[in-house]
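The next block holds one structure in the form of structure tokens; read it before the comments.
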Amino acid sequence: LHAVQVATSASAIGIAVVALILGIFISRARKKSDRSLAESEERFRSIVETTSEWIWAMDLDGKLTYSNPAIETMLGYSAEELLGADIMDLMHEDDRREVIAILPGLIESKQGWSQLVTRWRHARDESYRHLESTAVAVIDEMGRVTGFRGADRDVTERIGLQRELAHQAFHDPLTGLANRTLFAERTEQALEEARRSGSLVALLFADLDNFKSVNDTLGHSAGDDLLQNVAGRLERTLRPEDTLARLGGDEFAILLEDVDGTKGVQRVAERIVESLATPFTIQGKEVHAQTSIGVAVGRAEDNSSEELLRNADVAMYVAKSAGKSQYRVFEVGMHAEVLQRAEIESDLRQALERDQFCLYYQPIIDLLTNSVVGVEALLRWDHPDRGLVAPPKFIPLLEESGLIVPVGTWILDESCRQARLLQDQFPSDPPFKMSVNLSVRELQHAGLIRSVSDALERSKLSPRSLVLEITESILMTGQQTRDNLARLRELGVRLAIDDFGTGYSSLGYLQHVPADILKIDKSFVDDVGRGTFEDSALARAIVSLGDSLGLRTVAEGIERVEQLSELLKLGCRWGQGYYFARPLEVSSLEDFLRRN
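Listed below in structure tokens is the structure:
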């Protein structure tokens, strides 16, 4: 029994010791755990207090129950002044309505939200910042939603960049107008609406006339300025609900919705043509930017956006080929006309190498002596299938395609060669002269001076026997053009201003152009000799102007003897026209010269 008592006492002491030791270990572990928890809480608090994201909590009434200091950097408010406030008041009205509308569903489903972007008013300047929010629902021990906790970050710059990229994707960077992609999208929307309402949709396709000459003479910077000015003038001509787009280059398109019919669209086209007829002032210079317009009107049941735009494009080409600065409404037969034009252009690219071009010559007559003083070289195209193609059908295509430059070089060579042969056959004093028309493209070409010089050298023709005819509109294309004219004059060739009075230049330009001859356009000669003073007024004024500037005047399009008599009375010494001779082949010209 004593032994048992001793053993029992020893066991109790051991248990007590173990319990004491365990207590010490547990106490130390608890203290260590408390320190770790405190340190963890401190780290968490430090992260929350210093993060750039806005950490917040709110109750179901929208009142802020917690906010870290990031809100001050983000929105300009301190956390203290907003605690207990309805933070929804800081949200944009439209966004606030949307958030309030979705809250009941979130509370019922006990869910939060993710990447919700809303706009918040900044305290400093009342501007709105875009915040992207992620939140979770706060649920109590009874399983009820008592509020929300979340984190927001400022995505204003990202949203701005996205909008800028979206704008660039659908707008022309130069003019700010809609681009081809956005225009096609809006056209499809307009057709869909027209399908429901039964209304009409109209497209206008506008292409500037001779825009390339502005780039070539004044530079691309001036061309960009012109496009921006054209865009602004077009916008002022149209209604706010109309869509104006720049499709590229100098091409513009206009969408008109819910139109009454073709006549209303035609009035819009007329206004645009009239608006662009007024010259622009670009970099201190007066520049003309007239336009050719194609119009297509259709119903949603019959046309797609691509078809409407294609039809308007076809009509625009018809307008341009008809003389530019006008509009045409699409008709079914136009497709064949444009197809023929495309075939002609394709054939033109081979005509020079296949030796299909030839020159006809129209005599220029001394009206007083009835003697031939020279001829004007006129280009003709002898097509193997079409026969002689009329100049209006192919010369504009030569100019637009740039083929006029190599063809012009051939004309210079051939006309100078022929002039020298005619001078040898029919010597005269002063020598027989050859007139050659020069296009804007040729005058702007860097190799023109060399081409003229080479043609004169190869033919052994005196420069004084070559007359280069330029249109009056060339005088408007800038100082560089006039410098090129001066260089031509330095070669010794003579310069004539063709179709004088039909262009847009002011008389002041003539004082700075080294011209020798003014050619009176046929439209001013037609009424000469009909019996009244007024009928001859314009021709009389041009002859008088030429005399005052020391320029020879040549009347074009003389067809009646009364015109000849009256022109002599006016003091016009030279002329040409069907009264004397039509344009002649070389052999017929030689016969004509033998008789005269």
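Heads up: the sequence shown begins at 944 in our numbering, then just goes up one per residue. Using N, Cα and C, we set each Cβ at its ideal position, and we do this for glycine too.
- Secondary structure of residue 1364 (DSSP, three-state): helix.
- Under the Cβ criterion (8 angstroms, minimum of three pairs), the region 1323 to 1342 counts as touching the region 1288 to 1297.
- When secondary structure is reduced to three states using DSSP, residue 1209 falls in the helix class.
- Taking 8 angstroms as the cut-off, the Cβ atoms of residue 1458 and residue 1482 do not count as close.
- A residue is called buried once 16 or more other Cβ atoms fall within 10 Å of its Cβ, and residue 1254 is buried on that count.
- Contact between residue 1146 and residue 1130 holds, with the beta-carbon distance rounding to 7 angstroms and staying under 8 angstroms.
- About 20 angstroms separates the beta carbon of residue 1402 from that of residue 1439, a gap too long to meet the 8 angstroms contact definition.
- Nearest neighbour of residue 1188 by Cα position, chosen from 1200, 1174, 1180, 1179, turns out to be 1174.
- With 16 or more neighbouring CB atoms inside 10 Å of its own CB, residue 1234 falls in the buried class.
- Within the region 1437 to 1525, the complete alpha helix (DSSP H) segments at least 4 residues long are 1450 to 1453, 1465 to 1468, 1480 to 1492, 1504 to 1513, listed from N- to C-terminus.
- The region 1153 to 1170 and the region 1383 to 1395 touch, with no fewer than 3 CB-CB distances between them shorter than 8 angstroms.
- Per DSSP, the beta bridge partners of residue 1325 are 1331.
- For residue 1300, the enclosing beta strand (DSSP E) stretches over residues 1300 to 1309.
- The Cβ neighbour count for residue 1243, taken over all protein chains shown within 10 Å, is at least 16; the residue is labelled buried.
- With a minimum length of 4 residues, the unbroken runs of alpha helix (DSSP H) contained wholly in the region 1149 to 1186 fall at 1154 to 1161, 1163 to 1180.
- In terms of Cα proximity to residue 1095, the closest of 1076, 1080, 1081, 1113 is 1076.
- In the assembly as shown, residue 1051 is an exposed residue. Its beta-carbon has fewer than 16 other beta-carbons within 10 Å.
- For the alpha helix (DSSP H) assignment, the uninterrupted runs of no fewer than 4 residues enclosed by the region 1059 to 1131 are, from N- to C-terminal side, 1099 to 1113.
- The closest CA to that of residue 1137, considering only 1090, 1201, 1054, is found on 1201.
- A Cβ-Cβ separation of about 6 angstroms places residue 1472 in contact with residue 1503 under the 8 angstroms criterion.
- In the structure shown, residue 1268 falls within a coil segment according to DSSP collapsed to helix, strand and coil.
- Inclusion of residue 1286 and residue 1340 in the CB contact set at 8 angstroms is not warranted, their separation being larger than that value.
- Taking C-beta atoms under 8 angstroms as the contact rule, residue 1117 and residue 1171 qualify, at a distance of about 7 angstroms.
- With 16 or more other CB atoms across the displayed protein chains lying within 10 angstroms of its CB, residue 1290 is buried.
- In the three-state reduction of the DSSP assignment, residue 992 falls in the helix class.
- By the neighbour-count criterion, in which a residue is buried when 16 or more other Cβ atoms sit within 10 angstroms of its Cβ, residue 1206 is exposed.
- Taking residue 1181 as the centre and dropping the five residues before and after it, the same chain places the C-beta of 1187, 1197 closer than 7 angstroms to its C-beta, in chain order.
- Membership of residue 1007 in the beta strand (DSSP E) is indicated by the continuous run 1007 to 1010.
- In the three-state reduction of the DSSP assignment, residue 1275 falls in the coil class.
- Leaving aside the five residues that flank residue 1406 on each side, the residues in its chain whose CB is nearer than 7 angstroms to its CB run, in chain order, 1399, 1434, 1435, 1436.
- Between the alpha carbons of residue 1431 and residue 1121 lies a gap of roughly 45 angstroms.
- In the three-state reduction of the DSSP assignment, residue 1412 falls in the strand class.
- Check the Cα spacing between residue 1106 and each of 1089, 1073, 1084: the tightest is with 1073.
- Between the alpha carbons of residue 1023 and residue 1199 lies a distance of about 56 angstroms.
- By a beta-carbon distance limit of 8 angstroms, residue 1053 contacts residue 1088. Their separation comes to about 6 angstroms.
- Contact check for residue 1232 against residue 1190 fails: the beta carbons are separated by 8 angstroms or more.
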